[in-house]
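Working notes, structure below.
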Amino acid sequence: MKNKDEQNIILVIGSLNMDLVAEVDHIPAVGETILSDSFTTVPGGKGANQACAAGRVAGGCSFIGAIGNDGYGKILQESLQNFQVDTKGLVVKQGKASGMAVVMVNKEGNNSIVVIPGANGALTPEDIASHQKLIEECEILVMQLEIPLETVLYAAKLAKSMGKTVLLDPAPVPEAFPEELYRYIDLIKPNETELERLTGLGTQGEDYISGAAFLRQKGVKNVLVTLGEKGAYFDSETEGKGFVAACPVEAVDTTAAGDAFTAAVAAKLSEGACLREAAEFASRVSSIVVTRKGAQSSIPTREELIFSL
Ligand code: RIB
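Quick note on this note's numbering: the sequence shown kicks off at 1406 and runs consecutively.
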């Protein structure tokens, strides 16, 4: 979605990774070696996945991130452009390799991921400052945590000072989450595991209700917890508390489902939808993503979204 001056309403700041994906029977245990008969390399990275999904769903998106001066970097940039993502904010870090992720996907479609940040880890507050115009132009800023925390904090603070809406997907959850960051977040979208790591509260039964309340007390206006097959739960300053159902599908690969969910929420909010509507829409988008293999390769086209939603 673009504003009246044809500028992208959504800006994603975050990571890009080349995903090295092995399909496995099961995720290996410590000390175990297993064989895989399928290996692929596909563009991924939580930031880039979110930007691609927002590009498709909202019809355009801006992006700030970092790649290395290497072959993977070029592929990652091209992929963004294929999804209608404006890459003016892409910074090339000399001497750094582009980010990579080793992804194992088991028979149930669940994954285990190790990220090697490379250039993502070198995205600085100065890089954000030099692309401040993109923040000025957007209405919604979306971030995750595969880039340095000080960069996320800087961007969130700057965006809030300009009156923008800040949406954070707190993945992966760092050892020490900076308390100050909560103050600048309008909407946080953890899954149950991330919620547990952020709050120290459990993942049993309906523990997510107290987890979400905990984050609200920290100053976050809206908390949206994704619960996998159980759907999503929200605790919102303006809309109260509620559930959104999941769309039942046969999962093949859940990689990027959470990223597409976050982007779809941002896209729907940018159209003026309420949080419940945005979460319902996002749940349908991510239900398509889990039926396909790979990260960006699993994001539906606009036409597919129109026919299937
Ligand atoms: O959320 C999925 C993504 O996590 C993968 O594409 C991988 O690159 C890691 O960032």
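From the three backbone atoms N, C-alpha and C, an ideal C-beta is built for every residue, glycine too.
- Here Asp1410 is exposed: its Cβ has fewer than 16 other Cβ atoms, across all protein chains shown, within 10 Å.
- Rounded to the nearest whole angstrom, the C-alpha separation of Gly1699 and Ser1692 is 14 Å.
- Under the 10 Å beta carbon count, Asn1408 is surrounded by fewer than 16 other beta carbons and is classified as exposed.
- Between the segment 1650–1658 and the segment 1681–1697, the count of Cβ pairs shorter than 8 Å is three or higher; the stretches touch.
- A distance of 9 Å or more separates the beta carbons of Gly1504 and Gly1476.
- Residues Val1417, Gln1455, Leu1572 and Ala1671 of the same chain have their beta carbon placed closer than 6 Å to that of Val1547, with the five preceding and five following residues left out of the count.
- Of the candidates Glu1682, Met1509 and Ser1688, Met1509 places its Cα closest to the Cα of Thr1438.
- In this chain, the beta strand (DSSP E) harbouring Ser1517 covers Asn1516 to Ile1521.
- Three or more Cβ pairs closer than 8 Å define a contact, and the segment 1552–1570 meets that threshold against the segment 1535–1544.
- Within the same chain, and ignoring the five residues on either side of Ala1662 in sequence, the residues whose Cβ sits closer than 7 Å to its Cβ are Ser1691, Val1694 and Val1695.
- Residue Gly1624 holds the alpha-carbon nearest to the alpha-carbon of Tyr1589 among Gly1460, Gly1616 and Gly1624.
- Taking a cut-off of 8 Å on C-beta distances, the segment 1471–1488 touches the segment 1415–1431, as three or more cross pairs fall below it.
- Scanning its chain for C-beta atoms nearer than 7 Å, with the 5 sequence neighbours on each side dropped, one finds around Cys1543 the residues Asn1413, Ile1414, Ile1415, Leu1416, Ser1467 and Lys1569, in chain order.
- Ser1703 is a Cβ neighbour of Asp1658, given a cutoff of 9 Å.
- If the five residues before and after Gly1465 are omitted, its C-beta is found closer than 6 Å to the C-beta atoms of Lys1407, Asn1413 and Gln1489, all from its own chain and listed in chain order.
- Annotation: Thr1556 to Pro1433 spans about 34 Å, alpha carbon to alpha carbon.
- By the neighbour-count criterion, in which a residue is buried when 16 or more other Cβ atoms sit within 10 angstroms of its Cβ, Phe1666 is buried.
- For Gly1636, the CB contacts under 8 Å within the same chain, skipping 5 residues up- and downstream, are Phe1648, Val1649, Ala1650, Ala1651 and Ser1688 in chain order.
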